[in-house]
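>
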Amino acid sequence: MAAEKCILINEPISSCPMLIINRNPIRLCTSVESASYYCQYIYQLSHELTHYAIRQGKIDKNITIKWFEETLCEAMSLYILDLSAQRWDECGLSNNNPNYFRSILEYLKKEYNREGNSMVNSCKTLNDLKYIESTSESERANRILERNYLYKTFKDMPKDIKNIIYYTQYLHGIMVNFDKWKEEIGDENIIFLKKLEGIQPAI
């Protein structure tokens with residue numbers, strides 16, 4: 002994307018999937034144990050591809066609000082699982098396993114129903130949010146409610162998802178300046194931005 006080459010690799014021994022940006026070309030690394038475990042591969046690949054797509058909308062590619070971007074990427078994983086199940090018959094792999102969409106739906110259900118708390122929603126101070134920012138990659142359960150909310154938003158408004166790649170152009174510390182973003186985006190996308198804004202604490 003945007004002429005930035007990205008090598009896709011799978012390393013089963015890797016501790017977690019990740020987008021490795023300190024290499025040239027950058028690498029998108031998944032960590033799936035079996036090549037036939039499509040559910041996990043879809044889940045991991047869609048998450049890291051979302052990081053890669055968002056990267057293309059950044060003026061400064063080194064800037065990230067971790068808590069916000071990770072929530073976007075996790076919600077996208079659920080959305081793409083859902084979409085993959087719906088469109089499984091369009092995939093060549095369905096010729097070998099036409100009923101695998103049921104496994105995808107089961108994986109989606111399991112991920113969606115994971116238990117967790119909304120620490121983001123309970124933020125009262127900037128220091129509270131800074132803690133969530135510092136633990137956003139290791140304590141994903143603290144943002145499950147926000148992730149699920151965005152997943153439903155993506156399902157309801159799929160044509161507007163493309164707007165997420167511009168969030169870093171509206172930063173205010175570790176928060177997003179939604180007022181400025183809404184001013185500049187145009188009326189046709191304003192409802193989607195209001196939905197995105199719904200996951201940001203009112204500090």
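Counting along the sequence shown from 1, when you hit position 151 you're at 152 in my numbering, and nothing is skipped either side. Note that beta-carbon positions come from the ideal geometry of N, C-alpha and C, so glycine has one too. Keep in mind it's a predicted model, so treat the numbers as computed, not measured.
With a cut-off of 8 Å on the beta carbons, I'd call TRP89 and TYR101 a contact; round off their distance for me.
Against the sequence shown, residue 89 aligns to sequence position 88. Against the sequence shown, residue 101 aligns to sequence position 100. Yes, they are in contact, since the Cβ atoms of TRP89 and TYR101 sit about 6 Å apart, within 8 Å.
> If you follow the alpha helix (DSSP H) that THR154 is part of, which residue opens it and which one closes it?
Looking up residue 154 in the sequence shown gives position 153. From DSSP, the alpha helix (DSSP H) with THR154 extends over 145 to 157.
> Please name the residue, chosen from ILE43, TYR132 and ASN25, that lies closest to VAL33 on a Cα-to-Cα basis.
On the sequence shown, residue 33 is found 32 positions in, with the first residue counted as 1. It is ILE43 whose Cα lies nearest to the Cα of VAL33.
> Can you tell me which of the three DSSP states THR126 falls into?
In the sequence shown, residue 126 corresponds to position 125, counting from 1. Here THR126 sits in coil by DSSP.
> Let me check understanding here. Comparing Cα to Cα, which of GLU189, LYS160, SER78 and ILE204 lies closest to ASN178?
Looking up residue 178 in the sequence shown gives position 177. Comparing Cα-Cα distances from ASN178 to each of GLU189, LYS160, SER78 and ILE204, the minimum goes to ILE204.
> Please state the DSSP three-state secondary structure of CYS7.
Here residue 7 refers to the residue found at position 6 of the sequence shown. In the structure shown, CYS7 sits in a strand (DSSP, three-state: E or B).
> Kindly identify the DSSP beta-bridge partner or partners of MET19.
Residue mapping note: residue 19 aligns to position 18 of the sequence shown, counting from 1. Partner(s): CYS30.
> In whole angstroms, what separates the C-alpha of ILE175 from that of ILE64?
Taking the first residue of the sequence shown as 1, we reach residue 175 at position 174. Taking the first residue of the sequence shown as 1, we reach residue 64 at position 63. Taking the straight line joining both Cα atoms gives about 10 Å.
> Any idea if CYS30 is buried or exposed, counting beta-carbon neighbours within 10 angstroms, 16 or more meaning buried?
Sequence index remark: in the sequence shown, residue 30 carries index 29 (1-based). By the neighbour-count rule (16 or more Cβ atoms within 10 Å), CYS30 is buried.
> Between LEU82, ASN149 and GLU134, which lies nearest to ASN114 when the distance is taken from Cα to Cα?
Stepping through the sequence shown from its first residue, residue 114 is reached at position 113. For the residues LEU82, ASN149 and GLU134, the minimum Cα distance to ASN114 belongs to ASN149.
> Check each candidate in ARG56, SER16, GLN41 and ALA36 and name the one with the smallest Cα separation from CYS7.
For the purposes of this step, residue 7 is identified with residue 6 of the sequence shown, where counting begins at 1. For CYS7, the nearest C-alpha among the options comes from ARG56.
> Could you have a look at SER119 and say whether DSSP puts it in helix, strand or coil?
Stepping through the sequence shown from its first residue, residue 119 is reached at position 118. Strand.
> With respect to the alpha helix (DSSP H) encompassing ASP180, which residues constitute its N-terminal and C-terminal limits?
Within the sequence shown, residue 180 is the residue found at index 179, counting from 1. Its alpha helix (DSSP H) spans residues 179 to 186.
> Use the C-beta contact count for SER137: other C-beta atoms within 10 angstroms, 16 or more gives buried, fewer gives exposed.
By 1-based counting over the sequence shown, the position of residue 137 is 136. The residue in question, SER137, is buried, as its Cβ has 16 or more Cβ neighbours within 10 Å.
> At what residue ranges does the stretch 51 to 98 contain a whole run of the alpha helix (DSSP H), taking only runs of 4 or more?
With a minimum length of 4 residues, the continuous alpha helix (DSSP H) runs that stay inside the stretch 51 to 98 are 67 to 87.
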